[in-house]
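What follows is the structure, encoded as structure tokens:
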């Protein structure tokens, strides 16, 4: 990694939906609309810039629903930026190398926006309290050549605030070097990657019709699926809908939620 820093005044605008219900946004940075931030450049193929989060224990089991990444081009060309992937790691304190949990398809980032990516359907759940890391893996090959043929210079970058870099909260994967901290490279602040999370409440399997109440209507709804051989009725996941699945449902039904 050959880090280069540029400072700019940035307009913090969200490019997709707002938080709902009991969702919480976790962030290490303090960047606000119109605030001053630094563009951290110099990332190369398959290097990663990330943010590490420590959520309150009361939020666990925790479901990661959306990831927000602020991106600003150095040259201000407003060309969409496609990178390799967004990655989620389990990353307990004291553990240098995180454990991979999820990796997305190539994300597209709009210039000058807090880009939001919805992963609610991926079921990214941390059952027990742990620190975790969310990062952007770079792919210079996705970006057009700019600046006299320098491929990726304008694109393989992240934004930080300028209020000081918190060691341990801004991990990067450098090649060579492996996992380290962007603070060690003289970064002026924390990487602007944020996550939207909420406490995960597992669905009640016995509430077969999803009306919030476990009653005889759920038994009838299950019986319809069972008689039809619906895949959903294969509760023991053995590939066959049979009497064992009926017994499994009765156990759930009698236990309730």
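Residue numbers (the numbering used here): 10 to 266.
Ideal Cβ placement from N, Cα and C applies to all residues, glycine included.
Keep in mind it's a predicted model, so treat the numbers as computed, not measured.
Is residue i helix, strand or coil by DSSP?
i           : result
residue 95  : strand
residue 263 : helix
residue 32  : coil
residue 254 : helix
residue 248 : coil
residue 102 : coil
residue 56  : coil
residue 17  : Any answer about residue 17 is weak, because its pLDDT of 43 lies below 50 and its placement is not dependable; what the coordinates show is given next. Residue 17: strand per DSSP, three-state reduction.
residue 240 : helix
Return the CA-CA distance between residue i and residue j, expressed in angstroms with no decimal places.
i           : j           : result
residue 229 : residue 210 : 25 Å
residue 149 : residue 124 : 19 Å
residue 45  : residue 81  : 12 Å
residue 90  : residue 201 : 16 Å
residue 251 : residue 235 : 8 Å
residue 199 : residue 37  : 6 Å
residue 205 : residue 145 : 16 Å
residue 185 : residue 147 : 15 Å
residue 117 : residue 231 : 42 Å
residue 215 : residue 115 : 38 Å
residue 119 : residue 203 : 16 Å
residue 49  : residue 181 : 12 Å
residue 142 : residue 62  : 6 Å
residue 78  : residue 213 : 33 Å
residue 42  : residue 94  : 26 Å
residue 85  : residue 72  : 35 Å
residue 196 : residue 183 : 14 Å
residue 227 : residue 238 : 16 Å
residue 76  : residue 31  : 16 Å
residue 64  : residue 138 : 8 Å
residue 208 : residue 33  : 9 Å
residue 97  : residue 222 : 35 Å
residue 92  : residue 111 : 16 Å
residue 254 : residue 242 : 7 Å
residue 121 : residue 40  : 13 Å
residue 187 : residue 52  : 13 Å
residue 35  : residue 74  : 11 Å
residue 172 : residue 88  : 28 Å
residue 69  : residue 256 : 31 Å
residue 177 : residue 99  : 14 Å
Name the one or two DSSP bridge partners that residue i has.
i           : result
residue 111 : 97
residue 41  : None; residue 41 has no bridge partner.
residue 62  : 141
residue 88  : In DSSP, residue 88 forms no bridge with anything.
residue 72  : 134, 207
residue 125 : 77
Please find out if some non-hydrogen atom of the ligand SAM comes closer than 8 Å to the beta-carbon of residue i.
i          : result
residue 64 : Annotation note on the ligand SAM: not contained in the displayed structure, which lists no ligands.
Pairs of beta-carbons, one from the segment 165 to 172 and one from the segment 124 to 136, closer than 8 Å: are there three or more? Verdict: no, contact absent.
Pair every Cβ in the segment 45 to 63 with every Cβ in the segment 179 to 192, then say whether three or more of these pairs are closer than 8 Å. Contact between the segment 45 to 63 and the segment 179 to 192 is present, because at least three Cβ pairs lie under 8 Å.
For the segment 246 to 264 against the segment 107 to 126, are there 3 or more C-beta pairs whose distance is under 8 Å? At 8 Å Cβ cutoff, the stretches do not touch.
Return the chain-ordered ranges of every alpha helix (DSSP H) run that is complete within the segment 153 to 238 and spans a minimum of 4 residues. Entirely contained in the segment 153 to 238, the alpha helix (DSSP H) runs reaching 4 residues are, in chain order, 225 to 237.
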